[in-house]
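Protein sequences, first through last, are from chains A and B.
Numbering of the first sequence is given in this note's numbering, commencing with residue 200 and proceeding in unit increments.
Numbering of the second sequence is given in this note's numbering, commencing with residue 67 and proceeding in unit increments.
Read the structure below first, then the notes.
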Amino acid sequence: MNAVAAKGLGRVFRQRQRNAGVSAALRSFINPVWTSKVAVRDIELVIPQGSVVGLVGANGAGKTTFLKMMSGLLHPSSGEIQVLGHTPHLREPAFLRRIGMVMGQKSQMWVDIPAYDTFMLLAAIYGLDETKARARVEELATLFGVSGQLGVQVRRLSLGERMKLEVMAALLHEPDLLILDEPTIGLDVLAKETLRRFIRDYNKEQKTTIILSSHDMEDISELCDSLLVIHKGELVFKGSLTDFTRDQALKSRVQEILAGV
Amino acid sequence: MNAKAFSRVLKNTIIVDLEYRFNYAMIVLSSLITIVMEWAIFSHVFATRSEVGGLAASSAFAFILYGMLLRTVQSLWGPVFTSIEEIREGGFRRYILQPIFHPSYFLAQSLGNKATPLLGATFICLIFKSPLFSSPDTFLALHELPYTLLSFALSTLLLWGAYLLIVYGSFFLDESSFLIVSLNIAASLMSGSQLPLSWYPETVQKVLLWTPLPLWGDWPLRAALGMLTLDEKINYLTLWALWATIFAGLIVILYRRGLQRYESFGG
Numbered sequence: 200m201n202a203v204a205a206k207g208l209g210r211v212f213r214q215r216q217r218n219a220g221v222s223a224a225l226r227s228f229i230n231p232v233w234t235s236k237v238a239v240r241d242i243e244l245v246i247p248q249g250s251v252v253g254l255v256g257a258n259g260a261g262k263t264t265f266l267k268m269m270s271g272l273l274h275p276s277s278g279e280i281q282v283l284g285h286t287p288h289l290r291e292p293a294f295l296r297r298i299g300m301v302m303g304q305k306s307q308m309w310v311d312i313p314a315y316d317t318f319m320l321l322a323a324i325y326g327l328d329e330t331k332a333r334a335r336v337e338e339l340a341t342l343f344g345v346s347g348q349l350g351v352q353v354r355r356l357s358l359g360e361r362m363k364l365e366v367m368a369a370l371l372h373e374p375d376l377l378i379l380d381e382p383t384i385g386l387d388v389l390a391k392e393t394l395r396r397f398i399r400d401y402n403k404e405q406k407t408t409i410i411l412s413s414h415d416m417e418d419i420s421e422l423c424d425s426l427l428v429i430h431k432g433e434l435v436f437k438g439s440l441t442d443f444t445r446d447q448a449l450k451s452r453v454q455e456i457l458a459g460v
Numbered sequence: 067m068n069a070k071a072f073s074r075v076l077k078n079t080i081i082v083d084l085e086y087r088f089n090y091a092m093i094v095l096s097s098l099i100t101i102v103m104e105w106a107i108f109s110h111v112f113a114t115r116s117e118v119g120g121l122a123a124s125s126a127f128a129f130i131l132y133g134m135l136l137r138t139v140q141s142l143w144g145p146v147f148t149s150i151e152e153i154r155e156g157g158f159r160r161y162i163l164q165p166i167f168h169p170s171y172f173l174a175q176s177l178g179n180k181a182t183p184l185l186g187a188t189f190i191c192l193i194f195k196s197p198l199f200s201s202p203d204t205f206l207a208l209h210e211l212p213y214t215l216l217s218f219a220l221s222t223l224l225l226w227g228a229y230l231l232i233v234y235g236s237f238f239l240d241e242s243s244f245l246i247v248s249l250n251i252a253a254s255l256m257s258g259s260q261l262p263l264s265w266y267p268e269t270v271q272k273v274l275l276w277t278p279l280p281l282w283g284d285w286p287l288r289a290a291l292g293m294l295t296l297d298e299k300i301n302y303l304t305l306w307a308l309w310a311t312i313f314a315g316l317i318v319i320l321y322r323r324g325l326q327r328y329e330s331f332g333g
């Protein structure tokens with residue numbers, strides 16, 4: 200069964216354009232100029248359940264836009280997408296209960312209170328049994344080595360500790376699909392390795408479908424069994440990691456893309 | 067959003083507030099300053115007269131205290147500005163990814179946000195309400211209490227609805243914080259919570275009747291002072307139901323359309 204199926208998926212953003220300076224701002228105030236930016240164009244793909252898929256591309260390539268459409272954060276401008284048999288942007292509770300998302304740049308934790316309080320709130324939102332939720336928090340915290348940080352205000356924690364808590368928050372309700380958008384961004388080598396090990400083991404044990412976007416090819420090569428390469432909004436490669444590794448020309452091209460060449 | 071999640075949001079908001087103890091000192095201080103300033107104005111007004119625009123001098127102090135209490139409960143800054151910022155900067159996505167209905171979440175946050183300042187304001191009221199400061203008979207009669215509490219609660223809900231409309235306006239305007247300031251000024255000066263509406267020119271009073279403003283100040287405060295007839299009580303409730311229906315409809319429309327437009331900026 201497929202976890203994700205997209206057909207002709209596209210997203211266009213409307214942007215206001217103007218030059219720098221006060222006079223340009225004044226002109227734009229009176230007569231704003233709007234342009235369209237195609238962030239994602241005509242994506243066709245199928246992702247089987249239980250797989251770990253890597254998504255790579257340079258900054259602004261459309262990775263995050265694609266992931267946002269997959270999670271229901273964004274409405275597509277064209278085409279359609281089905282995730283776990285649901286149309287994501289309809290935000291059906293049954294769908295939202297089956298997905299988890301971590302965005303490296305944005306937190307879903309309440310930063311002014313200890314993480315434990317946020318976890319208990321999430322448990323209530325997802326309708327989890329409180330005793331089981333507490334046990335799951337403790338289990339995940341032990342796996343990530345953050346048991347001692349559960350009672351500390353989140354904003355006082357290091358980036359690595361926060362990221363582990365973000366992943367824990369996304370996994371608390373045991374989703375069938377986990378979307379990770381640059382989860383290792385800004386982490387040190389040790390923290391990256393802990394996170395990778397966890398994701399690998401978690402996928403093996405739970406058979407959760409994981410979609411991981413990253414700039415770090417090490418994340419991809421260590422975790423993923425298939426790969427999607429996105430460039431200027433278009434999918435330029437979809438296939439197994441083995442195929443990708445064998446194709447030297449493609450590999451060099453992707454490295455150029457990631458380097459922004 | 068289920069009741070358990072609602073109460074968790076409420077609890078978490080109170081926990082956040084308790085993390086910042088200094089805020090309470092500021093709330094108590096600003097409330098006291100407001101009382102002193104209003105008292106100075108009212109003393110001047112009542113210096114030569116025993117009644118102005120239907121308000122007796124003996125009730126003036128009660129009006130000031132209830133007005134302060136009402137504004138403390140009603141005014142929202144934290145949840146409103148946080149929500150606007152979240153819409154602008156992409157943080158709003160956490161509400162979209164979770165199986166929740168944001169208006170309920172916002173209500174729980176607002177209640178939590180107001181729980182502790184309300185205790186402070188009630189405490190100040192109790193101190194000033196003591197016979198040491200004024201005659202107890204100028205204050206709320208017990209039989210007026212249920213309707214007064216109802217009017218305070220409904221009036222506050224309606225104003226929070228207006229705040230939420232402005233929050234969702236950010237989906238369309240990009241920036242709507244300036245509207246919050248305008249709403250706060252209007253709710254404070256034109257609703258009758260700072261000065262009785264009966265002191266305003268008749269034309270202004272007539273215009274205000276076409277707006278929800280009197281529901282945010284004049285209604286609950288006149289209820290608290292026992293100045294409403296039965297007909298007026300019913301009329302106000304009807305008017306509230308009308309505006310509440312309009313606000314609820316607009317909130318749902320703006321929220322749904324806003325989510326369709328939401329671009330979830332910021333990576």
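C-beta: ideal position from N, C-alpha, C; glycine also.
Just so it is clear, the structure is predicted and the values come from calculations on it, not from any experiment.
Endpoints, the alpha helix (DSSP H) within which residue i is located
{"i": "R452(A)", "result": "Q447 to A458"}
{"i": "M362(A)", "result": "L358 to L370"}
{"i": "Q281(A)", "result": "That residue, Q281(A), is in no alpha helix (DSSP H); its beta strand (DSSP E) goes S277 to V282."}
{"i": "D316(A)", "result": "A314 to I324"}
{"i": "V255(A)", "result": "Note, V255(A): premise wrong, no alpha helix (DSSP H); beta strand (DSSP E) at V251 to V255."}
{"i": "T383(A)", "result": "Note, T383(A): premise wrong, no alpha helix (DSSP H); not H, not E."}
DSSP-derived helix/strand/coil call for residue i
{"i": "I246(A)", "result": "strand"}
{"i": "D400(A)", "result": "helix"}
{"i": "R240(A)", "result": "strand"}
{"i": "M268(A)", "result": "helix"}
{"i": "T341(A)", "result": "helix"}
{"i": "A122(B)", "result": "strand"}
{"i": "S222(A)", "result": "helix"}
{"i": "H110(B)", "result": "helix"}
{"i": "L434(A)", "result": "strand"}
{"i": "I298(A)", "result": "strand"}
{"i": "Q271(B)", "result": "helix"}
{"i": "S73(B)", "result": "helix"}
{"i": "S242(B)", "result": "coil"}
{"i": "I166(B)", "result": "coil"}
{"i": "H274(A)", "result": "coil"}
{"i": "W233(A)", "result": "strand"}
Listed by chain order, chain B residues near residue i by CB distance under 7 Å
{"i": "R354(A)", "result": "Simply none; closest approach about 10 Å."}
{"i": "H274(A)", "result": "Q326"}
{"i": "F212(A)", "result": "E329"}
{"i": "D241(A)", "result": "Ordered by position in chain B, no residue passes the 7 Å Cβ test against D241(A), which lies about 20 Å from the chain."}
{"i": "D316(A)", "result": "N78 and I81"}
Listed by chain order, chain A residues near residue i by CB distance under 7 Å
{"i": "K70(B)", "result": "A323"}
{"i": "R74(B)", "result": "M319, L320 and A323"}
{"i": "G156(B)", "result": "K305"}
For residue i, the nearest candidate out of the options (CA to CA)
{"i": "T267(A)", "options": "L225(A), A238(A), F343(A) and V252(A)", "result": "Looking at the sequence itself, residue 267(A) is Lys, so the reference to Thr does not match. Residue A238(A) is the option with its Cα nearest to K267(A)."}
{"i": "L98(B)", "options": "T138(B), S124(B) and T269(B)", "result": "T138(B)"}
{"i": "L239(B)", "options": "I80(B), R327(B) and V82(B)", "result": "R327(B)"}
{"i": "I522(A)", "options": "P231(A), G256(A), L244(A) and L208(A)", "result": "Given a span of 200 to 460 for chain A in the structure shown, any question on residue 522(A) remains unanswerable."}
{"i": "Y161(B)", "options": "G284(A), H285(A) and K305(A)", "result": "K305(A)"}
{"i": "P292(A)", "options": "F167(B), A122(B) and I101(B)", "result": "F167(B)"}
{"i": "T234(A)", "options": "R213(A), I242(A), A219(A) and L254(A)", "result": "R213(A)"}
{"i": "R210(A)", "options": "V345(A), Q352(A), T444(A) and G432(A)", "result": "G432(A)"}
{"i": "R217(A)", "options": "T317(A), P231(A) and R452(A)", "result": "P231(A)"}
{"i": "A310(B)", "options": "S254(B), S248(B) and Y229(B)", "result": "Y229(B)"}
{"i": "L394(A)", "options": "A202(A), M367(A) and H414(A)", "result": "M367(A)"}
Chain-ordered chain A contacts of residue i [CB-CB under 9 Å]
{"i": "P165(B)", "result": "R290, E291, P292, A293, F294, L295, R296, I324, Y325 and G326"}
{"i": "R159(B)", "result": "K267, S270, L272, M300, M302, K305 and Q307"}
{"i": "E151(B)", "result": "Residues of chain A passing the Cβ test: none, with the nearest at roughly 12 Å."}
{"i": "E85(B)", "result": "D311, I312 and Q352"}
Start and end residues, beta strand (DSSP E) containing residue i
{"i": "V211(A)", "result": "N201 to Q216"}
{"i": "L411(A)", "result": "T408 to S412"}
{"i": "L376(A)", "result": "L376 to D380"}
Whether residue i touches residue j by CB criterion (9 Å)
{"i": "M300(A)", "j": "L377(A)", "result": "yes"}
{"i": "L187(B)", "j": "T79(B)", "result": "Reading off the sequence shown, one finds Ala at residue 187(B), where the question assumed Leu. Going by C-beta atoms, A187(B) is not nearer than 9 Å to T79(B)."}
{"i": "G359(A)", "j": "D400(A)", "result": "no"}
{"i": "V118(B)", "j": "V111(B)", "result": "yes"}
{"i": "S250(A)", "j": "T408(A)", "result": "yes"}
{"i": "Y132(B)", "j": "L291(B)", "result": "yes"}
{"i": "A332(A)", "j": "F318(A)", "result": "yes"}
8 Å Cβ cut-off: residues of chain B touching residue i
{"i": "I410(A)", "result": "Correct list: empty, because the minimum Cβ distance to chain B is about 14 Å."}
{"i": "W140(A)", "result": "An answer regarding residue 140(A) cannot be provided, because it is not within the stretch 200 to 460 covered by chain A."}
Neighbouring residues, chain A, relative to residue i (Cβ below 8 Å)
{"i": "E268(B)", "result": "Within 8 Å Cβ-Cβ: nothing; E268(B) doesn't reach chain A, min ~40 Å."}
Residue i: contacting residues in chain B (beta-carbon distance under 9 Å)
{"i": "M268(A)", "result": "Under the 9 Å cutoff, chain B gives no residues; its nearest Cβ is about 10 Å from M268(A)."}
{"i": "G271(A)", "result": "I162 and L163"}
Short CB-CB distance (under 9 Å) between residue i and chain E
{"i": "V146(B)", "result": "This model lacks chain E altogether; the protein chains it does include are A and B."}
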